[in-house]
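Below: the structure, in structure tokens.
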Amino acid sequence: MTPPAAAASASLPRHPTQEVLDQAGRRGPFHYGDRVQVTDSKGRQHTFVLDPRGYFQSVRGSFHHREVVGLEEGSVIVTATGHELLLLRPLLADYVLSMPRGAQVVYAKDAAQVVALGDIFPGARVLEAGVGSGALTMSLLRAVGPQGHVLSVERREDFAAIAASNVDSWFGGHHPAWELRTGDFADVVAAHVTPATADRVVLDMLAPWENTEAVATALVPGGVLVTYVATVTQLSRTVEALRHSGLFTEPVSWESMVRTWNVDGLAVRPDHRMVAHTGFLVSARRLAAGNRPLTRKRPPARGAYDEGGYWVAQDIGERTSTDKKVRRVLRDARARQPLDATPVQPGAAGDDDVHGAEPPSRHCLSSRPVPDPHGAGA
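According to my numbering, the sequence shown holds residues 95 to 472 in order.
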């Protein structure tokens, strides 16, 4: 028996974005519009989009883009200077390193841990706070698929615009499972999220401990919270806030370090460089209403925090981008964004014209209908 979803997809015309989302744009020979990654014999990489009038230049040689069209992925070409160049489509991890960035990104080693240990499953309803440049958002959208829903909240409008451009550029257009809003996380949850509808919540923000109540309101019983923080002070405060709330299981915190190895015959040794600390991950699960966490068997440590207002980016060493750099990155990102762009919607209550509507079935996370950019009314 043909599943209803398969029957519907067979009978309805496909939008070009869906072709890309279904990976059709990442298979077969190269064609115009494909993103190509060129690697030379020393491992230096360059990424560009094939254009009918394009011309690639590097210290290892040059060629017209039309010479690449029709070649199979994984082809090696020899330039006029005699150098070999490998042609591949970039992986998502490669794209994150080459895309315009207005804010620090969550790199592949941490994004993979969020998706795997946070159990981001196909069809999941995910609430994300702190979009930044959109790196983690792309991993979340891949995991939930077109039938899921990712509601991303970003406090800064310029960062939200950069993230929308980067995500749209990777997927070839607006991802049908993505909703992007600007504003304060707690305000967006109160205005746009039906209580106990989020399967997973992912936080990447300066002070996640301030949003414990909002997270607990949004999560379903048993739902998973994953928080990414950069410093030890943030880690300690976040874990203690989750414990003291009495709304979550005992938090688990960890970091991951990646070290490659050099293997050449019998000469096997670790490389001299490694990807060490980038951030800490904290995970906890929502308890059912009216329940308390299990009693801890060890005495609590002394508290070290007061309610002083010293928790700002400069105090914990968070690197910030200048306004000039953000404007430049935004121009670069928008130049690459496809026409089928993701709308950046306001997140404050009362900013929308639609109020009190029932949540649509495919967006159970949101309490308001999300406009379909491919629909008849778009």
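Using N, Cα and C, we set each Cβ at its ideal position, and we do this for glycine too.
(Q) Using CA atoms only, rank isn't needed, just tell me which of 273, 418, 434, 416 is closest to residue 254. (A) 273
Q. In chain order, which beta strand (DSSP E) runs of at least 3 residues are fully inside the stretch 207-257?
A. 219-223, 243-248
Q) So residue 441 packs on residue 281, CB below 8 Å; how close in whole Å? A) 6 Å
Q: Check each candidate in 146, 209, 263 and name the one with the smallest Cα separation from residue 435.
A: 263
Q: Let me know if residue 358 comes out buried or exposed under the rule of 16 or more other beta-carbons within 10 Å of its beta-carbon.
A: exposed
Q) Does the distance from the CB of residue 238 to the CB of residue 218 come in under 8 Å? A) yes
Q. Is it true that the CB of residue 169 sits closer than 8 Å to the CB of residue 193?
A. no
Q | For residue 403, three-class secondary structure by DSSP | A | Confidence in residue 403 is poor, its pLDDT being 45 and thus under 50, which makes the residue's placement unreliable; the coordinate value appears in the next sentence. In the structure shown, residue 403 sits in coil (DSSP, three-state: anything other than H, G, I, E or B).
(Q) Quick check: what's the CA-CA separation for residue 367 versus residue 150? (A) 30 Å
(Q) Quick check: the Cα distance between residue 275 and residue 174, rounded to an integer number of angstroms? (A) 50 Å
**Q.** Close beta carbons around residue 318, own chain, < 7 Å, minus the five adjacent residues each side
**A.** 212, 213, 294, 377, 379
Q. How close, in whole Å, do the beta carbons of residue 249 and residue 266 come, if the pair is a contact with beta carbons under 8 Å?
A. Actually they do not touch by this definition, with Cβ atoms about 27 Å apart.
Q: Tell me, to the nearest whole angstrom, how far the beta carbon of residue 478 is from that of residue 320; I am working on the premise that it is less than 8 Å.
A: Absent from the structure is residue 478, since the part of the chain shown begins at 95 and ends at 472.
Q. Based on Cα-Cα distance, which residue from 417, 431, 429, 430 lies nearest to residue 197?
A. 417
Q. With DSSP run on the structure shown, which of helix, strand or coil describes residue 377?
A. strand
**Q.** Residue of 285, 346, 354, 130 minimising C-alpha distance to residue 208
**A.** 346
Q.
What would DSSP say about residue 180, mapped onto helix, strand or coil?
A. strand
Q. Helix, strand or coil: how does DSSP classify residue 156 here?
A. strand
Q) Does the ligand FMN have even one heavy atom less than 7 Å from the beta-carbon of residue 129? A) This structure lacks the ligand FMN, and indeed carries no ligand of any kind.
Q: Decide if residue 353 is buried, meaning its Cβ has at least 16 other Cβ atoms within 10 Å, or exposed.
A: exposed
Q: Would you mind reading off the limits of the alpha helix (DSSP H) that contains residue 286?
A: 279-286
Q) When you compare only the Cα positions, how much space is there between residue 157 and residue 178? A) 12 Å
Q: Flag this pair as yes or no: are the beta carbons of residue 138 and residue 183 separated by less than 8 Å?
A: no
Q. Can you round the beta-carbon distance between residue 145 and residue 159 to whole angstroms, since I take them to be within the 8 Å contact cut?
A. 6 Å
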